[in-house]
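Which chain is which? The protein sequence lines are A and B, in order. If you number the first sequence the way our numbering does, the last residue is 511 and the count never jumps. If you number the second sequence the way our numbering does, the last residue is 922 and the count never jumps.
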Amino acid sequence: MAESTPPVLELRGITKRFPGVVANDHVDFDLRKGEVHALLGENGAGKSTLMNILYGLYKPDEGEILLNGKPISMSSPHEAIAAGIGMVHQHFMLIPVMTVAENIVLAAEPTKAGVVLDTSAAERRVRELAEQFKFHIDPHARIQDITVGQQQRVEILKALYRHADILILDEPTAVLTPQEAIELFDILKNLVAEGMSVIFISHKLNEVLEIADRVTVLRRGKKVDTISREGATEASLARMMVGREVLLRVEKPPGTPGETLLEVENVHVVDDRGLEVVRGVSFKVRAGEILAIAGVDGNGQTELIDAISGLRHSSDGRVSVGGRDLTNASAYAFLQNGVGHIPEDRHRRGLVLEFSLAENVVLHDYAKAPFASKGFLHLGQIFAYGKKLLAEFDVRGGNERTRASALSGGNQQKVVIAREVSRDPRVLIAAQPTRGLDVGAIEFVHRRLVEERDEGRAVLLVSLELEEVLSLADRILVIYEGQIVGEFPPGVSEEELGIAMTGGTRAGAAA
Amino acid sequence: MAGEPPAGGPGDPVPTVAERLAFYQRAGGIVTPLFTVVLAFFAGGLVVLATGHNPLRTYKAVWDGTGLQWFFTFGHYHITIPGTHHHVFFWWNTDTNGLAAYNLTQTAILTTTLICTGLAVAFAFRCGLFNIGGQGQYITGAIVSVWVGSSWAGMAQGLHVFLAIALAMVAGASIAAFAGFLKATVGAHEVITTIMLNWIAYWTGSFLFGRGGPLQNSTDVSVPISNTVTKSGMLPTFWGNPELQALHVGLFISLGALVVFWLTLNRTTLGYQVRAVGFNPEAARYGGISVGRNYVYAMAISGSFAGLGGAIDILGWQYQLGVLDIQVSNIGFIGIAVALLGRNTAVGVGLAALLFGALVNGTSTRGLDSNVFPPQLAGNLTLMIQALVLLFVGADVLILYVWNIRKKLHR
């Protein structure tokens with residue numbers, strides 16, 4: 001887009017204070033017609049606050065909003081919608097039992113005689129919109145029966161149905177598979193070709209570079225700069241976001257593997273539905289190496305990890321840690337035998353969100369000295385230990401008495417890692433350890449995992465991110481439909497791994 | 512990280528459950544239950560109005576019936592210094608024998624038991640279990656204590672009382688732990704099993720003390736009631752005429768139970784486990800905590816609180832247990848309302864028990880002035896307000912919502 005195009009939307013000097021923090025500090029932002037403008041920043045940089053102000057959910061303390069050059073005040077989402085601004089939240093607001101068309105027209109239904117819902121008119125209108133913007137979606141389908149990617153399209157259609165010409169997408173790819181993300185980008189390209197303007201909130205550098213025309217970077221509530229995509233690189237964007245050089249790829253010397261600490265032999269695991277999802281997996285992890293298991297989500301990784309951490313029984317096979325047979329032992333036994341486990345879902349499993357951080361860091365050892373004796377807790381020791389660990393792992397956003405739920409995702413993950421690593425495990429299982437984290441936090445986790453390897457621990461990394469696998473692993477196994485279909489050295493190309501992950505070269509596998 | 516407001520801060524567009532809880536505990540910890548109670552009394556007042564009575568006068572009469580006005584009767588009183596004939600001026604009510612004082616002791620007796628049955632529900636709640644079986648566990652405790660208390664006459668009083676209470680707690684714990692055991696092993700839902708166990712306790716008691724039953728009164732075979740607790744099995748009383756249900760030291764036992772509840776939950780490893788399981792069983796399991804075992808422990812402790820309540824009632828003032836007592840008793844069920852209103856905390860349960868104890872006593876035909884409100888309707892007023900409180904406790908999300916909007920407007 002040419003420089004001369006006037007902005008359809010302009011935010012000037014927006015400031016928003018919350019008790020104790022300035023979430024937005026005199027932020028300027030402008031959106032031109034027909035562009036995708038990415039808003040980039042770490043978790044907690046103030047992206048969501050800025051957009052919630054634009055969408056009428058918060059009132060700014062200072063600053064003004066100009067729509068087509070005219071100042072407007074936005075005090076509720078209704079006004080934002082009336083002004084042609086649509087927002088797609090990270091968590092969809094759809095009614096599962098209703099159809100696509102019903103959800104789209106909700107609260108603005110076409111009616112017959114003012115009272116009766118005109119279903120056919122609703123469906124016709126939805127179909128027209130879908131065709132205009134080249135969406136593939138069935139207006140009759142129920143929300144509960146369609147994929148997450150399709151649900152997101154329904155949200156976008158909802159905004160279009162309400163005549164939005166400015167669309168805000170809050171971290172839209174966080175819930176999508178890579179394939180769905182590509183489809184979303186195609187849709188966005190169609191939208192801007194039709195003259196819409198898109199604000200794309202993200203903390204993922206590669207997708208910002210792929211879709212955005214311009215990028216505005218926020219850091220700690222302040223605008224760092226607005227730059228055009230041309231000339232920007234992942235490294236330069238990361239530096240702007242974090243405020244320092246970021247190692248996107250951790251530097252690591254070759255490992256020096258020692259004795260075998262974790263041995264898995266021909267393990268079979270059945271999932272909750274009674275299907276055998278792990279079908280004879282065998283591998284060894286030695287001290288001082290990172291073994292990565294790569295694969296597309298849902299190929300048995302979750303159940304495999306559960307089986308080697310005592311959270312699920314295996315139906316066949318053997319698991320041993322440091323030479324000791326722990327097949328189907330309890331989670332407690334695994335913990336006592338030196339297995340640390342960074343679980344894939346920190347909310348569901350890694351943390352008790354209602355507990356304080358100090359209570360969370362003693363989740364495995366609350367009953368042991370010095371944290372307890374004779375059945376009584378020693379809160380002084382627990383809080384002192386929590387304080388020490390939080391400082392050591394640079395956890396921000398709270399102290400040892402803060403509830404875990406109050407922290408950002410990156411800091412929550414740091415707490416989990418602090419707990420697991422500080423127990424001095426022999427084997428460290430890291431399941432998707434950087435899921436949902438921003439670049440600064442990812443760097444921290446990666447560096448830490450390599451350090452743990454160099455300490456002589458056996459590290460098992462299970463990840464869906466190819467880049468992560470390639471950057472960390474000393475050896476790579478690929479899991480597909482519950483079986484190991486190949487072993488690769490760290491120098492393998494992404495293409496080759498990708499093919500193996502989708503079951504392509506099973507013949508060449510040498511597990 | 513700096514920048515965003517702390518999660519769960521007022522005005523978050525879509526707070527998660529955890530955030531909402533965190534916020535709730537910070538902002539509305541005491542406000543919402545108070546609001547709930549006020550709302551319930553207001554709605555109750557409307558119904559009183561609809562029956563053609565004056566709600567303000569009715570509530571005043573209920574208040575008088577609770578005996579709580581005893582604390583607020585100031586004036587010129589004097590007390591005698593023990594061992595002398597000297598009188599000292601005293602501004603507090605010293606009339607410990609009047610009607611107000613009597614009503615107050617009755618309120619205290621009810622509060623004593625409600626603390627126990629409230630704790631029985633609250634403890635299980637903290638482990639993520641809904642113990643509907645407080646009533647059955649209470650009856651079980653009462654059965655065992657009346658049996659122990661009426662046997663072994665001549666035992667030293669301290670030992671006899673201790674034995675009766677301890678065995679009653681073990682009995683209450685056992686019947687509750689059975690429900691926990693079923694949940695842990697075969698996944699039977701505790702709401703269903705505890706309700707079933709309530710009926711088992713009910714009919715067991717009816718059989719034991721019914722005419723011809725093994726524990727029926729040995730001297731008067733025509734009455735379906737137990738033997739009387741012997742002198743050595745009775746809890747000492749310290750206020751009022753023992754012939755007219757005096758206040759007994761069980762009050763201090765149940766206040767002690769509040770402390771034990773708090774200590775167990777917040778200062779022991781068991782309490783840590785129970786809370787971890789209650790908040791997030793998956794995380795507890797991952798942490799190496801046996802979820803099933805804690806279901807059994809938590810139910811056992813819950814049941815021992817209810818069993819204690821049964822023992823205190825029997826040894827403190829009832830001294831006998833009849834089939835009729837078992838069949839009309841609902842103090843275990845009121846314990847559910849006490850726990851919910853008290854937010855499953857020690858202080859909350861104590862205050863809620865006092866509220867319901869006062870309410871039940873204040874609206875009893877004995878406590879309520881029949882000139883103001885017809886006695887035949889009085890009992891229903893208790894039930895109604897109790898139900899309204901439960902209803903509004905469930906509405907605290909709504910109250911939070913209003914609170915959120917208010918905060919937002921203040922920005």
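Backbone N, C-alpha and C define an ideal beta-carbon position, used for all residues, glycine too.
Taking the CA atoms as reference points, Leu545 of chain B sits about 55 Å from Ala294 of chain A. Of the other Cβ atoms in all chains shown, 16 or more fall within 10 Å of the Cβ of Trp828 of chain B; this residue is therefore buried. The C-alpha of Gly149 of chain A is placed about 6 Å away from the C-alpha of Glu180 of chain A. When DSSP states are grouped into helix, strand and coil, Val734 of chain B belongs to the coil group. Within chain A, His347, Arg348, Arg349, Leu351, Val352, Leu353, Glu354 and Phe355 have C-beta atoms less than 9 Å from the C-beta of Asn791 of chain B, given in sequence order. Only exposed fits Gln132 of chain A, as fewer than 16 other CB atoms lie within 10 angstroms of its CB. The beta carbon of Gly629 of chain B sits closer than 7 Å to those of Gly846, Val849, Ala850, Gly853, Val860, Ala863 and Ala864, all from its chain and outside the five residues before and after it, given in chain order.
In the displayed model, Tyr58 of chain A falls within coil according to three-state DSSP, outside both helix and strand.
In the three-state reduction of the DSSP assignment, Pro370 of chain A falls in the coil class, being assigned neither a helical nor a strand state. For the set B:Gly691, B:Phe884 and B:Thr893, the Cα lying nearest the Cα of Leu560 of chain B is the one of B:Phe884. Contact between Tyr808 of chain B and Leu781 of chain B is confirmed by a C-beta separation of about 6 Å, below the 8 Å threshold.
If you draw a straight line from the Cα of Phe29 of chain A to the Cα of Gly456 of chain A, it is about 49 Å long.
Asp145 of chain A is classed as exposed because its beta carbon has fewer than 16 other beta carbons within 10 Å across all chains shown. For Val242 of chain A, the closest of A:Val445, A:Arg448, A:Glu42 and A:Glu468 by C-alpha to C-alpha distance is A:Glu42. For Thr696 of chain B, the three-state secondary structure derived from DSSP is helix. Contact between His364 of chain A and Gly798 of chain B holds, with the beta-carbon distance rounding to 6 Å and staying under 8 Å. Asn642 of chain B is a Cβ neighbour of Ala631 of chain B, given a cutoff of 9 Å. Proximity of chain B to Leu335 of chain A at the Cβ level (cut-off 9 Å) is accounted for by Gly798 and Gly799, in chain order. Every alpha helix (DSSP H) stretch that sits fully inside the region 834 to 881 of chain B and reaches 4 residues is listed by chain position as 834 to 839, 842 to 852 and 857 to 873. Arg244 of chain A is not a Cβ neighbour of Ala45 of chain A, given a cutoff of 9 Å.
Residues of the region 359 to 391 of chain A whose Cβ lies closer than 8 Å to any Cβ of chain B, in chain order: Glu359, Leu363, His364, Tyr366, Ala367, Ala372, Gly375, Phe376, Leu377 and Leu379. Nearest in C-alpha terms to Pro433 of chain A, of all of A:Lys112, A:Lys414 and A:Ser422, is A:Lys414. Between Ala795 of chain B and Gly350 of chain A, the C-beta gap is not smaller than 9 Å, which leaves the two residues out of contact.
Residues of chain B with a Cβ closer than 7 Å to the Cβ of Leu311 of chain A are, in chain order, Arg796 and Tyr797. For Gln668 of chain B, the nearest beta carbon of chain A is not closer than 9 Å to its own beta carbon. For Pro343 of chain A, at least one C-beta of chain B is nearer than 9 Å to its own C-beta. When DSSP states are grouped into helix, strand and coil, Gln756 of chain B belongs to the coil group. With the criterion set as a beta carbon lying under 7 Å from some beta carbon of chain A, the region 623 to 642 of chain B has no members that meet it. Contact annotation: Leu191 of chain A and Lys158 of chain A have beta-carbon atoms that are not nearer than 9 Å. The beta carbon of Thr302 of chain A lies closer than 7 Å to those of Glu344 in the same chain, with the five residues before and after it left out. DSSP, reduced to helix, strand and coil, places Asn190 of chain A within a helical segment of the structure shown. A Cβ-Cβ distance of about 19 Å is found for the pair Val250 of chain A and Ser493 of chain A, leaving them out of contact under the 8 Å criterion.
When A:Met196, A:Val217 and A:Gly195 are compared, the shortest CA-CA separation from Leu205 of chain A is found for A:Val217. Ranking A:Gly56, A:Leu262, A:Arg447 and A:Ala141 by CA distance to the CA of Ile81 of chain A puts A:Gly56 first.
For Arg778 of chain B, the chain A residues whose Cβ falls inside 7 Å of its Cβ are Phe376 and Leu377, in order along the chain. Counting along the chain, the unbroken beta strand (DSSP E) around Phe749 of chain B starts and ends at Thr748 to Trp750.
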